[in-house]
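J.:
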Ligand SMILES: [Zn+2]
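Residue numbers (UniProt numbering): 1 to 534.
Structure below.
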């Protein structure tokens, strides 16, 4: 024979013709092949999975059994069909996969939509198996290009909300931000936050959400440009990217890679900004791609400036600069607006205590947990330990009282000078938070005092002391839920409450009320003076 196959060999061969999607295929196999081999061969020729329920049909529509005795069909081709139920099963499997992969929400939404579309096409007999395979292959390729892993499920909602904020502010429309690119950008941002107790994606979301709230509260849409709003929102979402959970002091004292790279100058903030622009530098994630080169340059400068402004080591410098502009504030002057934007991102970054106590108190716990992790490490590495991070020296109320009184309230009061609507919405909750931490602190001190008293007055001194070691008296761990009395043993607390039923707490509340009255009186006196001066 012309093809070199001997007559004997060709006698053992069988040739059949298949029609697949309108195209004819010639399939040759040995008569000694098993049914399974023949089916695999036919599947391969038809371009369907070897595991599928492939069926062979003759011209009259009857099913032909796939086996070695399969009749040859030189003139009348067989057609290959795959059961629709098989397709439906495979699609359901794909859909279940989509649900399981909901973590990867944004990309998965597209895939899910495509499955629905394919299902509809099948229902209408408009699709081929090859097309389905191609479709799935395309999606796989997309995923590889995006090179992102899965966001956690509770991040999905936060990502959608941030997207909504961009939409609400008109940023997507005004800067022609491609919505798929925005989603990829947000997913990539989320992926580049670490799972620290405090400096994590949830914190960055809260900061961004607070910025969005302030933009509305202070009508910034009427006072600032759309570019300013884009800078503010994007800086917020990027401002703590890849935070390692150890602050600048640690970086510098331990001479970490970041401290060396940035010469001890705001190493973390420089890193956050650098990671932000690494993400934006990916064409798939570049939300500024449709802006002019000049605008892209400006937006980069400003985002870097705002992220760097979140270094608390620069707090006084930034506050003083803003103070000096307040009396003559000019919303048309770039220097003034830059100064305001720095104050805004700073306010948002440390704004947890503005939120209801059910929200803010767990955040304080998380921050202390991160601080304690750092101080434990500093101790183990022989590095200096800041007292406010030392689990043996700090408690939640003492940490928060000083911060609210000396940092938060003065900062928000500064903003209030430009936007009087800030006071009732943000400063009032800060004062309330201050009061509740004062009560907590006085409670804590009273309990400690009672515990010390009981140790001194107890007849069986040694036994009583064993109720609580001296270090555990002051020691408090944020990982345990509840009030800051948790380091004190139940026995001691009961002892205290038996001795002083509510008297010390009442004393504390009354002291705070008196202090508040004095502050109110001072405020009204100042306001009267202001009015007289005008
Ligand atoms: Zn932050």
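The C-beta atom is built at its ideal place from N, Cα and C for all residues, glycine as well.
As the structure is a computational prediction, the values presented were derived from the model and not from experiment.
Just checking, does the stretch 250-267 make contact with the stretch 324-340 on the three C-beta pairs under 8 Å criterion?
T.: No, the stretch 250-267 does not touch the stretch 324-340.
J.: Is residue 327 near ligand 1, going by C-beta to nearest heavy atom under 7 Å?
T.: It does not: the Cβ of residue 327 is nowhere closer than 7 Å to a heavy atom of ligand 1.
J.: Helix, strand or coil for residue 25, going by three-state DSSP, please let me know.
T.: DSSP places residue 25 in strand when its eight states are reduced to three.
J.: Could you spell out the range, first to last residue, of the beta strand (DSSP E) harbouring residue 548?
T.: The chain is shown only over 1 to 534; residue 548 falls outside these bounds and no answer can be derived.
J.: Note down the Cα distance separating residue 61 from residue 45, rounded to an integer number of angstroms.
T.: Straight-line Cα distance between these residues: approximately 20 Å.
J.: Residue 332: buried (16+ other C-beta within 10 angstroms of its C-beta) or exposed?
T.: Exposed: under 16 other Cβ atoms inside 10 Å.
J.: Do you know how far the Cα of residue 279 is from the Cα of residue 357?
T.: Distance between the alpha carbons of residue 357 and residue 279: 35 Å.
J.: Considering only residues of the same chain and omitting the five flanking positions on each side of residue 419, which have a CB-CB separation below 7 Å?
T.: Result list for residue 419: 218, in chain order.
J.: When DSSP builds the beta bridges, which residues end up paired with residue 445?
T.: Residue 445 pairs with nothing; no bridge assigned.
J.: Going by CA-CA distance only, name the one from 317, 244, 389 that's closest to residue 411.
T.: Comparing Cα positions, the closest option is 317.
J.: Residue 488 to residue 445, Cα distance in whole Å?
T.: Interpretation of residue 488 is limited by its pLDDT of 29, a score under 50 that renders its predicted location unreliable; the figure taken from the coordinates is listed afterwards. The straight-line gap from Cα to Cα measures roughly 11 Å.
J.: Assuming residue 400 contacts residue 389 under a Cβ cut-off of 8 Å, what Cβ separation, rounded to an integer in Å, is found between them?
T.: Rounded, the Cβ-Cβ distance is 14 Å, inconsistent with contact.
J.: Using DSSP's beta-bridge definition, name the partner residues of residue 14.
T.: According to DSSP, residue 14 bridges with 29.
J.: Taking the alpha helix (DSSP H) that residue 312 falls in, what are its first and last residues?
T.: Here residue 312 belongs to no alpha helix (DSSP H), and DSSP marks it neither H nor E.
J.: Check whether the Cβ of residue 48 lies closer than 7 Å to any heavy atom of ligand 1, and answer yes or no.
T.: Not under cutoff, so the answer is no.
J.: Closer than 7 Å to a non-hydrogen atom of ligand 1 - does that hold for the CB of residue 207?
T.: Yes.
J.: Tell me whether the beta-carbon of residue 20 lies closer than 8 Å to the beta-carbon of residue 41.
T.: Not in contact: residue 20 and residue 41 (Cβ atoms no closer than 8 Å).
J.: Could you tell me if the beta carbon of residue 271 falls within a distance shorter than 7 Å of some heavy atom in ligand 1?
T.: No - ligand 1 has no heavy atom lying nearer than 7 Å to the Cβ of residue 271.
J.: Tell me whether residue 239 counts as near ligand 1, meaning its Cβ is closer than 7 Å to at least one heavy atom of that ligand.
T.: Yes, the Cβ of residue 239 comes within 7 Å of a heavy atom of ligand 1.
J.: Taking 7 Å as the line, does the beta carbon of residue 174 fall inside it for any heavy atom of ligand 1?
T.: No, the beta carbon of residue 174 sits no closer than 7 Å to any heavy atom of ligand 1.
J.: Since residue 56 is in the beta strand (DSSP E), which residue starts that stretch and which ends it?
T.: First-last of the beta strand (DSSP E) with residue 56: 54-57.
J.: Output the boundary residues of the alpha helix (DSSP H) element that contains residue 223.
T.: Where residue 223 is concerned, the enclosing alpha helix (DSSP H) stretches over 220-223.
J.: Could you give the DSSP three-state label for residue 67: helix, strand or coil?
T.: Residue state, collapsed to three classes: coil.
J.: Would you call the stretch 158-177 and the stretch 203-215 touching, i.e. three or more CB-CB distances under 8 Å?
T.: Touching, per the Cβ criterion.
J.: Are there any heavy atoms of ligand 1 lying less than 7 Å away from the beta-carbon of residue 349, as far as the coordinates show?
T.: Checking the Cβ of residue 349 against ligand 1 gives yes.
J.: Less than 8 Å separating the beta-carbons of residue 232 and residue 341?
T.: Against a cut-off of 8 Å, the Cβ pair of residue 341 and residue 232 comes out as a contact.
J.: Report the three-state DSSP secondary structure of residue 77 (helix, strand or coil).
T.: DSSP places residue 77 in coil when its eight states are reduced to three.
J.: Report yes if the C-beta distance between residue 68 and residue 33 is below 8 Å; otherwise report no.
T.: Their beta carbons are under 8 Å apart, which means residue 68 touches residue 33 by this criterion.
J.: Using the beta-carbon count (16 or more within 10 Å), is residue 359 buried or exposed?
T.: Result: exposed.
J.: At a threshold of 7 Å, does residue 310 count as lining ligand 1 (C-beta to nearest heavy atom)?
T.: Because some heavy atom of ligand 1 lies under 7 Å away, the Cβ of residue 310 counts as near it: yes.
J.: Would you mind reading off the limits of the alpha helix (DSSP H) that contains residue 174?
T.: 171-174 is the extent of the alpha helix (DSSP H) around residue 174.
J.: What residue does the alpha helix (DSSP H) around residue 361 start on, and which one ends it?
T.: Its alpha helix (DSSP H) spans residues 357-381.
J.: Please specify which runs of the alpha helix (DSSP H), each continuous and at least 4 residues long, are wholly inside the stretch 307-353, giving them in chain order.
T.: Segments of the alpha helix (DSSP H) lying fully in the stretch 307-353: 315-326, 334-349.
J.: Helix, strand or coil for residue 481, going by three-state DSSP, please let me know.
T.: Because the pLDDT of residue 481 is 33, which lies under 50, any placement of that residue in the model is unreliable, and the number read from its coordinates should be weighed accordingly. Correct three-state label for residue 481: coil.
J.: Applying the criterion that 16 or more other CB atoms from any shown protein chain within 10 Å of the CB defines a buried residue, is residue 169 buried or exposed?
T.: It is buried - the Cβ of residue 169 has at least 16 other Cβ atoms within 10 Å.
J.: When burial is assigned at 16 or more other CB atoms within 10 Å of the CB, is residue 380 buried or exposed?
T.: Exposed is the call here.
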